[in-house]
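Laid out in structure tokens, this is it:
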């Protein structure tokens with residue numbers, strides 16, 4: 143059978159990994175794809191840089207159009223990050239009749255309407271296994287392998303940088319700033335890690351999974367997200383005392399035909415597998431109506447894990463599997479979207495940490511306000527203040543008070559929080575975390 | 143598009159689950175499969191039994207030939223267990239030009255040569271997601287999603303009954319016999335649980351995964367297997383003291399182009415995810431040359447998880463994906479099989495438990511014999527004997543001695559064991575377990 147001719151746009155770290163697999167495992171891939179996969183063109187910014195793989199003369203080019211205009215190329219691996227010019231290039235490729243494999247979650251999260259429509263118009267496919275959870279084949283699982291199931295929930299650790307930082311903070315009793323700095327030195331965190339640590343990256347991936355699982359296209363603005371950048375070591379330790387680990391958890395859950403979605407630092411019982419996913423790994427826990435709970439773990443980023451996902455998409459395209467699968471994914475289920483549960487109606491148990499003045503009646507006041515808002519308490523931690531004896535006359539020491547609520551609505555908690563903010567005895571910060579069921 | 147007409151042979155527990163999904167999720171499946179999936183015939187032994195699902199008149203039949211001879215039926219779901227008549231029926235179906243979906247691991251383990259050849263001759267497919275690890279889509283993952291990888295190892299908990307028993311023994315300080323009896327009462331273990339607890343079931347599944355991953359067809363006789371039926375609670379507890387859990391682990395590992403395979407009760411460090419898979423769950427840890435380590439967990443058996451896997455295979459067939467995938471699986475890679483490492487050359491760390499007479503020189507004798515066989519010790523547990531003071535004059539109390547070796551070959555250990563058996567001070571049983579890397 144004739145080779146599948148591919149082009150790579152954006153021959154950076156992942157692109158070089160893709161070229162390595164195509165080169166080093168050519169025989170194996172030919173066998174499994176039913177035909178040779180031939181890297182015909184790859185665009186670079188610098189022709190002379192060493193990429194750890196030797197390519198024939200003429201493959202590397204600085205001109206994107208050499209890929210888009212090449213009639214022999216039927217699959218373009220689009221590895222440029224961010225929105226522009228990635229969006230424009232992607233649309234060009236589709237309009238030129240190329241199938242596209244991409245790892246760009248930000249672009250798909252924001253512009254999948256336009257991109258998928260262009261694919262359909264041109265009778266092309268878009269494959270994006272590498273956009274979510276790195277080397278874990280979770281797009282395949284949700285889109286194909288569990289096609290026999292109505293999914294009921296997705297709970298996932300989708301940002302390796304955040305998970306690495308949380309793990310190291312907890313294991314080494316270290317502060318957020320200290321570990322973030324170290325992670326940047328080691329290359330585990332970007333120089334500008336904003337989107338990793340503020341929850342944006344995880345939220346973009348959750349949008350893609352939710353679209354694929356339920357056919358509902360949600361915007362980032364439609365659900366609450368918070369990252370790990372407001373967490374303190376103290377919270378990880380109190381959670382530990384209560385029998386929980388804190389993870390940056392991305393959740394989509396079908397409840398009464400609506401979708402409850404959020405990305406939040408979340409307490410997870412230590413005996414649940416997700417609680418024990420440490421370091422830069424990702425993990426996805428799926429609940430299906432037939433299969434029950436299954437879960438999937440692996441490296442969430444990195445050159446070769448991401449390249450592994452890209453090449454699997456290429457093999458699918460070479461065999462013709464993608465052409466069969468793509469038109470029947472739930473992403474095409476227009477007009478039957480699930481409503482997203484409004485922020486105030488999100489229902490959960492919550493972990494609350496207050497900084498309170500250590501004097502009579504403070505706890506009673508807090509409990510009273512929570513009670514007035516119909517919030518009942520499941521457990522409480524208040525340790526003796528180490529500074530109590532040293533407090534000067536007329537001054538109160540500040541002590542932490544940790545409370546775990548029973549299930550309640552976020553709206554009630556926000557209203558209570560407003561009332562609590564009037565209490566003189568409460569100091570900043572007031573920490574609020576979700577607790578997973 | 144015209145409906146996919148299917149027939150089920152063996153409408154037992156799993157078959158009824160398949161019928162339930164096809165009936166209750168018909169709209170969803172039609173969308174995802176690109177065409178309706180229509181259950182045309184299902185064979186039963188008793189037409190009147192309640193199966194928890196209402197089927198149109200005329201679907202149930204007691205005559206297998208009504209399925210095989212029906213020219214409209216293109217996919218047969220073959221759910222009869224054991225070897226005969228399952229083998230004969232499967233070959234009839236394939237020779238009649240039907241694609242087959244099956245959950246029968248024993249049959250495929252023993253007769254895949256004949257069955258796959260019949261499929262190829264008749265231009266049909268055999269799909270067997272449900273045969274391995276129940277609801278975990280591990281056949282899809284190994285056969286498709288990780289097609290970009292040369293797998294380096296498979297380590298898996300593939301028997302839910304064994305894992306349930308080990309978990310309960312450890313958590314409740316209970317004996318093997320006690321928990322097995324309870325598991326049978328609860329329906330977690332069969333009335334005759336032999337193949338579950340002696341490792342046969344796990345070994346059959348490992349044979350299928352190994353064939354799919356490396357194209358090497360191994361017989362059950364070609365690698366050592368042992369079940370959990372020789373384990374004692376004491377060993378689970380000593381393992382715990384050393385920082386390990388004991389799991390019935392099925393392992394295939396590529397080493398120097400040969401395959402090291404075994405099914406054995408194995409010590410796994412408690413901080414590894416596989417060690418924390420408790421209860422009736424299954425889990426598979428895969429090492430790929432590009433992706434690194436990924437792992438997959440879920441229910442390993444049960445009506446609906448198994449039916450979930452069967453229906454996913456049916457959807458694949460309805461879409462036409464199986465027809466593209468099946469001819470390019472590694473199972474067709476004849477002539478390039480990997481040799482299986484002979485039992486004696488299996489290399490591992492080992493856990494050894496001896497029952498020794500509590501008198502001078504016994505430990506020195508054991509260490510001496512192990513040393514003569516080039517086996518060095520990594521750790522040792524010998525607790526004070528509780529009966530020591532009560533021992534009668536002239537009698538020795540019997541105490542357990544637990545030793546963890548450094549990496550060595552099983553052959554050396556077997557030779558040492560022979561020498562050890564000559565020592566008067568050693569009593570039965572002498573327990574030997576693998577320790578995972």
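Protein chains in written order, with our numbering: chain A, 143 to 579; chain B, 143 to 579. Beta carbons are placed, not taken as given, at the ideal position from N, Cα and C, and that holds for glycine.
Note that the C-beta distance between residue 445 of chain B and residue 155 of chain B is below 8 Å.
At least one C-beta of chain B is nearer than 8 Å to the C-beta of residue 439 of chain A. For residue 323 of chain B, no chain A residue has a Cβ inside 8 Å of its Cβ, as the nearest lies near 26 Å away. Remark: C-beta atoms of residue 312 of chain A and residue 482 of chain A do not approach each other more closely than 8 Å. In the structure shown, the three-state DSSP call for residue 446 of chain B is helix. Below 8 Å, too few C-beta pairs join the segment 386-404 of chain B and the segment 236-254 of chain B to call them touching: fewer than three. Judged by DSSP in its simplified three-state form, residue 217 of chain B adopts strand. Annotation note: the segment 332-382 of chain A contains no uninterrupted beta strand (DSSP E) run of length 3 or greater.
Residue-level contact by beta carbon fails for residue 158 of chain B and chain A, as no gap is shorter than 8 Å. DSSP places residue 572 of chain B in the uninterrupted beta strand (DSSP E) bounded by 568-577. Under the three-state reduction of DSSP output, residue 327 of chain B falls in the helix class.
Of the other Cβ atoms in all chains shown, fewer than 16 fall within 10 Å of the Cβ of residue 560 of chain A; this residue is therefore exposed. Just so you know, the alpha carbons of residue 540 of chain A and residue 526 of chain A end up roughly 11 Å apart. Straight through space, the alpha carbons of residue 340 of chain B and residue 333 of chain B are spaced by roughly 14 Å. Against chain B, the beta carbon of residue 470 of chain A has neighbours under 8 Å at 173, 174, 175, 176, 461, listed in chain order. Distance between residue 495 of chain A and residue 546 of chain A, taken at the CA atoms: about 9 Å. Ranked by Cα distance from residue 355 of chain B, the first of B/324, B/405, B/378, B/430 is B/430. Exclusion of the five residues before and after residue 193 of chain A leaves 158 as the residues of its chain whose Cβ lies within less than 6 Å of its Cβ.
Comparing alpha carbon positions, the residue from A/214, A/424, A/383 closest to residue 411 of chain A is A/383.
Secondary structure remark: continuous alpha helix (DSSP H) runs of at least 4 residues inside the segment 179-261 of chain A, in chain order: 207-210, 228-237.
By the rule that beta-carbons nearer than 8 Å mark a contact, residue 483 of chain A does not touch chain B. Close CB contacts of residue 176 of chain A within its chain, under the 7 Å cut and outside five residues either way in sequence, are with 143, 460, 461 (chain order). The segment 471-504 of chain B contains, as complete beta strand (DSSP E) runs of 3+ residues, the segments 489-499 (chain order). Around residue 258 of chain A, the same chain offers 268, 473 as residues with beta carbons nearer than 7 Å, after the five sequence neighbours per side are excluded.
Shown here, residue 397 of chain B sits in a strand according to DSSP, grouped into three states. In terms of Cα proximity to residue 291 of chain B, the closest of A/450, A/464, A/563, A/502 is A/450.
Closer than 8 Å to the CB of residue 194 of chain B there is not a single CB belonging to chain A.
Approximately 33 Å separates the beta-carbon atoms of residue 441 of chain A and residue 200 of chain A; this is outside 8 Å, ruling out the contact. Nearest C-alpha to residue 454 of chain B among B/244, B/202, B/216: B/244. Distance check between residue 262 of chain A and each of A/464, A/576, A/519 places A/464 closest, using alpha-carbon atoms only.
At a cut-off of 8 Å, the C-beta of residue 278 of chain B has a neighbouring C-beta in chain A. A direct Cα-to-Cα measurement between residue 219 of chain A and residue 567 of chain A gives close to 58 Å. The beta carbon of residue 286 of chain A falls within 8 Å of a beta carbon belonging to chain B, placing the residue at that interface. When Cβ pairs closer than 8 Å are counted between the two stretches, the segment 403-423 of chain A is seen not to touch the segment 221-236 of chain A, the count staying below three. Distance between residue 180 of chain B and residue 211 of chain B, taken at the CA atoms: about 17 Å.
Excluding five sequence positions before and after residue 162 of chain B, the CB atoms of its chain that fall closer than 6 Å to its own CB belong to 195, given in chain order.
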